[in-house]
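Residue 143 in our numbering sits at position 84 of the sequence shown, and the numbers go up by one each step.
Glycine is no exception: its CB is placed at the ideal position from the N, C-alpha and C atoms.
All values derive from a computational prediction rather than experimental measurement.
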Amino acid sequence: MHSPTKTHWAAVKRILRYVRYTTDWGIHIRKSRSICISAFSDADWGVSVDDRRSTGGFDVFFGSNLVSWNARKQATVSRSSTEAEYKSMVNATAEVIWLEPLLKELGISLQ
Numbered sequence: 060m061h062s063p064t065k066t067h068w069a070a071v072k073r074i075l076r077y078v079r080y081t082t083d084w085g086i087h088i089r090k091s092r093s094i095c096i097s098a099f100s101d102a103d104w105g106v107s108v109d110d111r112r113s114t115g116g117f118d119v120f121f122g123s124n125l126v127s128w129n130a131r132k133q134a135t136v137s138r139s140s141t142e143a144e145y146k147s148m149v150n151a152t153a154e155v156i157w158l159e160p161l162l163k164e165l166g167i168s169l170q
């Protein structure tokens, strides 16, 4: 910030161009009749050739609206695709367990 270079200025211009053309992008929250929490998870077993760690991820929906998601390399090496899937499912379940009391605190009762 104290001594910007031409490289810094080029990066700023690139970021501003990106923001300019993506202002209408985003996650849209729409009214939904359902108050059900749904979670979906998936994993790619041993996808990294460097360390053999799996990549896992999950999506959590409240009704038809996406409220949480995550995708990252798993912390440990899985010995099977089932173990990789299980680890991803555990992360999704932890997110749902965290979300339920939050919704209750906001006055939304789940069935």
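Option nearest residue i by Cα separation, candidates the options
i: G122; options: K65, D110, I88; result: I88
i: K90; options: N124, R76, A143, D83; result: N124
8 Å Cβ cutoff met for residue i and residue j
i: V119; j: A98; result: yes
i: L162; j: L169; result: yes
i: S100; j: S140; result: no
i: V149; j: R111; result: no
i: I56; j: L158; result: The question about residue 56 has no answer, for the chain in this structure spans 60 to 170.
Sequence-distant residues of the same chain with beta carbon closer than 8 Å to residue i, five excluded per side
i: T114; result: A102, D103, V106, S107, A130, R131, K132, Q133
i: E154; result: A98, F117, V119, S127, N129
i: T152; result: A98
i: R92; result: G122
Distance, residue j Cα to residue i Cα
i: G85; j: R79; result: 13 Å
i: R73; j: R138; result: 43 Å
i: V67; j: T81; result: Residue 67 is actually His in this sequence, not Val. Roughly 21 Å separates the two Cα atoms.
i: S62; j: I156; result: 48 Å
i: A69; j: A143; result: 41 Å
i: D109; j: K65; result: 36 Å
i: E164; j: L75; result: 39 Å
i: V71; j: Y77; result: 10 Å
Cβ neighbours of residue i in the same chain (closer than 7 Å, five flanking residues each side left out)
i: D83; result: none
i: I167; result: I94
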